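Position one of the sequence shown corresponds to residue 2 (my numbering), numbered consecutively onward. Ideal Cβ positions, reconstructed from N, Cα and C, are used throughout, including at glycine. Computed from a prediction, not measured in an experiment: that's the story for all the values here.
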Amino acid sequence: MSNFIAAYSKLLSIKNNLPEHVSIDESWVIQFHESLEGISDILGSHFNEFKVPESDIKYQEYQTSYNPVQTELSESKFCDRSKLMAKIDAVLTYIQLKSPPEDKEQMGFHS
Numbered sequence: 002m003s004n005f006i007a008a009y010s011k012l013l014s015i016k017n018n019l020p021e022h023v024s025i026d027e028s029w030v031i032q033f034h035e036s037l038e039g040i041s042d043i044l045g046s047h048f049n050e051f052k053v054p055e056s057d058i059k060y061q062e063y064q065t066s067y068n069p070v071q072t073e074l075s076e077s078k079f080c081d082r083s084k085l086m087a088k089i090d091a092v093l094t095y096i097q098l099k100s101p102p103e104d105k106e107q108m109g110f111h112s
C-alpha cells in the first residue's frame, strides 16, 4: 500500500506544481507518464488511455525576425497545459473511484 500511496502522491505533486503556462515543457509529460507506469505496475492495470498522445506533444514555432518574418522551431517539445491537466484529472478520478473504501481513507478521501 505504501508504494501505491507514493505513486499516487507523485501524480498529485505533478498536478499541484504544474506551471501556469499555456504550454508545458515535455519533461512534465514524461514525469506524468513515468508516474502512470508506476501506478500501473502496482495495480496491475494498464493506464495507456490516460497518457498524453505523442501527437499532442509538439515543437513550438516562434518568430525570430519581424522584417522579413522568420520563424524557427523550439529545441524542446511542449504540450497544452489543459490537455495534460485533463489526463491527470481523469486518472486521479479513476483511481479514486476504483479504490476500495479502506484505501480511500488512507489516501485522505472521506465519504
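Check                                                                                                                                                                      : Outcome
Provide the residue span of the beta strand (DSSP E) that contains residue 59, from first to last.                                                                         : 58-67
Look at the alpha carbon of residue 38 and the alpha carbon of residue 48, and state the distance between them as a whole number of angstroms.                             : 8 Å
Three Cβ pairs or more, each shorter than 8 Å: is that satisfied between the segment 66-74 and the segment 28-38?                                                          : no
If you follow the alpha helix (DSSP H) that residue 92 is in, where does it begin and where does it stop?                                                                  : 82-99
For residue 85, collect the residues of the same chain with a Cβ closer than 8 Å to its Cβ; drop the 5 residues on either side in sequence, then sort them by chain order. : 19, 25, 29, 30, 33, 53
Quick one: what does DSSP say residue 79 is sitting in, helix, strand or coil?                                                                                             : strand
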